[in-house]
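Residues in the sequence shown are numbered consecutively from 1, following UniProt numbering. Note that CB positions come from ideal geometry on N, CA and C, so glycine has one too. Quick caveat, the model's predicted, so the values are computed rather than measured.
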Amino acid sequence: MRLHRNLVFAVIDGLSDIFNNDKYADKVVQSLLKRDKRWGARDRGFIAETTYEMVRWRRLYAEIADVKQPFSREDLWRMFAVWAVLRGVKLPDWPQLAKTPSRRIKGKFEELSKIRKFKESIPDWLDALGEKELGRAVWDKEIAALNEQADLVVRTNTLKGTKQDLKKAFKEIEIETDSISGSKEALLLKERSNIFTTELFKNGLFEVQDASSQLVATFADPKPGNKVVDACAGAGGKTLHLAALMENQGQIIALDIYQNKLKELKRRARRAGAHNITPKWIENNKVIKKLHGKADIVLIDAPCSGLGVLKRNPDAKWKLTPEFLDNIKETQEKIISDYSKMVKPGGSLVYATCSILPSENQLQINKFLDSEIGKDFIFVSDRKILAHETGFDGFYMAMLKKNN
Ligand SMILES: C[S@@+](CC[C@H](N)C(=O)[O-])C[C@H]1O[C@@H](n2cnc3c(N)ncnc32)[C@H](O)[C@@H]1O
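Dropping the structure here:
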């Protein structure tokens, strides 16, 4: 790989914004990519992938480069040099990289690779928490898997065609895909590609959705004609899948506390040809009260730490705090308690998170079942999906039934 000066400068600018100005990596990368219209797919790929790699390995690289936050431009160049040396990239003859101590970098890497918090590049508190909640053997493997780059997976929109149709259509535009065992509608792209610009995407034939995330709506098992409340619908990743499984029949009430997310959901639903969705903003508690006892299925895709999706959002390692985690667990507890009231007698409550922590998952369910409202429910089953076992995101889902 040959390094190009303007691309590396863009990466350094981006990192300064992410690390020092607390900006979100995805937003920063999006805006970097708009900087120069002449950049082709390879250039854009370099900027996005290198920025994410540097975010993922921030602690390790900073330790090797012997630099501390806030990072000066010189510090960021030193961290970049660590990236280049460890990746075996030939260093160009630039003043910023002139004094790169390649041998020392490799030696320090060997040494730090013996200590998990450096090797896996995670804050002390998170490393301790992971080990406490999952046990050492599982955490060792899980954090290593969560540090790998995410695969690009799409979900076939079965409202518009079959998976075989989609596979064929991708092939026609020279995009090769594989099926994924256990995820019926999923296709894995053999190579990364900007599929958002394709006609297939514009015509709603697929959505980008991780294989684990695709298991949630299937697990909820909605039937055509059901009344389903998707209580934390966001921009509708699971809502659209529910609509497809319900063959556009029945009703999905898609709730969220943020109107802008529901606006995006509406746009996506139009593209997907999903017609049985009613987005409703949770403006106040009356919205929930009105739905008490009405739903065949209530899906709570709860706000969470996002620790199961570090592969695609490595930034969370640095943005997450113990205080945030405590608050989000309280929110989860309140949401399960309040929103379970929307389930009708005999109906189902499905709770899901993209976290791998038992304290956000099965322990929340146990707490709910032990509560006064929870006494009306029985536990049916749950699935704990770990990244090191599947290669995809970490997820949790539980199904409870309300007594008749
Ligand atoms: C994990 S995300 C949902 C992702 C979405 N279901 C999807 O598949 O794309 C959690 C969502 O819960 C929403 N949320 C947070 N607090 C909430 C509350 N009290 N009631 C309803 N939704 C809430 C957030 O705005 C966010 O969109």
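- Here the distance from the Cβ of I335 to the nearest heavy atom of ligand 1 is below 7 angstroms.
- Pairwise C-beta distances place the segment 289 to 298 in contact with the segment 216 to 227, as three or more of them are shorter than 8 angstroms.
- Ligand 1 has no heavy atom closer than 7 angstroms to the beta-carbon of Y351.
- The beta carbon of P279 sits no closer than 7 angstroms to any heavy atom of ligand 1.
- Assigned with DSSP and collapsed to three states, Q214 falls in helix.
- Here I18 carries a helix assignment [DSSP, helix/strand/coil].
- By the criterion of at least three beta-carbon pairs nearer than 8 angstroms, the segment 279 to 293 is in contact with the segment 333 to 341.
- If the five residues before and after E264 are omitted, its C-beta is found closer than 6 angstroms to the C-beta atoms of A235, all from its own chain and listed in chain order.
- As computed with DSSP, P279 is found in a beta bridge with A254.
- Only residues of its own chain outside the window of five on either side were considered, and among them R155, S183, A186 have a CB closer than 6 angstroms to the CB of Q214, listed in chain order.
- Excluding sequence positions up to five before and after Q96, its CB lies within less than 7 angstroms of the CB of W77, all in the same chain and listed in chain order.
- In the three-state reduction of the DSSP assignment, L320 falls in the coil class.
- Residue range 136 to 146 is occupied by the alpha helix (DSSP H) that includes I143, with no beta strand (DSSP E) assigned at that position.
- Secondary structure note for A302: it is in no beta strand (DSSP E), with a DSSP letter that is neither H nor E.
- Closest by C-alpha distance to T390, out of S337, Q362, G135, D210, is D210.
- It is roughly 14 angstroms from the alpha-carbon of M246 to the alpha-carbon of T278.
- Straight across, the Cα-Cα distance linking Q364 with K160 is about 37 angstroms.
- As the crow flies, the alpha-carbon of V11 is around 30 angstroms from that of N260.
- Here D315 is not near A65, since their CB atoms are 8 angstroms or more apart.
- A direct Cα-to-Cα measurement between K317 and K311 gives close to 10 angstroms.
- If you ignore the 5 residues before and after A150, its C-beta comes within less than 6 angstroms of the C-beta of K311, R312, all in its own chain and listed in chain order.
- The three-state reading of DSSP puts F392 in coil, since its state is none of H, G, I, E or B.
- Distance from the C-beta of P123 to the nearest heavy atom of ligand 1 is not below 7 angstroms.
- Taking a contact to require three or more Cβ pairs closer than 8 angstroms, the segment 188 to 195 and the segment 350 to 368 do not qualify as touching.
- Beyond the five residues adjoining it in sequence on each side, G14 comes within less than 6 angstroms, by CB distance, of V28, L32, T51 in the same chain, given in chain order.
- Secondary structure remark: continuous beta strand (DSSP E) runs of at least 3 residues inside the segment 304 to 365, in chain order: 343 to 353.
- Per the coordinates, the alpha-carbon of N404 lies some 50 angstroms from the alpha-carbon of I175.
- D301 has its Cβ nearer than 7 angstroms to a heavy atom of ligand 1.
- Comparing alpha-carbon positions, the option among A269, D22, I373 lying closest to G237 turns out to be A269.
- For A186, no alpha helix (DSSP H) segment is defined; the enclosing uninterrupted segment is the beta strand (DSSP E) at 183 to 189.
- DSSP places D221 outside both helix and strand once states are collapsed to three, so it counts as coil.
- For I252, the Cβ stays outside the 7 angstroms cut-off from all heavy atoms of ligand 1.
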